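Here is the structure we will look at.
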Amino acid sequence: MLLINFAHPVSPAQVARIEDLTGRKISRLIERPVHFDPDQTLAAQTVHLVDAVGLTAEAWQQSPLLLNLPSLNFGAAVLLAEL
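Numbering-wise, numbering that gives the first Met the number 0 puts 30 at position 31 of the sequence shown, and it's gapless, one number per residue.
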């Protein structure tokens with residue numbers, strides 16, 4: 000399973016706990032901390048953020064993913080809409 004983290008860094012203990020809770024091994028951790036700029040649109044920033052993850056369209060659609068969303072609620076909503 001891919002863990003894509005858009006929030007604060009995930010500790011090894013948290014990774015282990017996630018694996019225990021999901022029953023799946025995290026094969027790859029992608030860290031993309033988010034700091035939204037209030038002077039730019041959320042939509043444009045989110046498109047850039049998703050592109051920066053580096054997954055193909057097929058990987059987004061077919062890979063087992065777990066997302067740790069940004070803490071800003073509006074940003075999290077726009078991110079989910081983009082995906």
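All C-beta atoms, glycine included, are put in the ideal place defined by N, C-alpha and C.
Since we're looking at a predicted model, the values are computed, not measured.
- L41 and I3 have their alpha carbons spaced roughly 19 Å apart.
- In the three-state scheme derived from DSSP, where H, G and I count as helix and E and B as strand, L82 is classed as coil.
- Note on F73: under 16 other CB atoms within 10 angstroms of its CB, so exposed under the neighbour-count rule.
- Close CB contacts of P63 within its chain, under the 6 Å cut and outside five residues either way in sequence, are with M0 (chain order).
- When DSSP states are grouped into helix, strand and coil, I25 belongs to the coil group.
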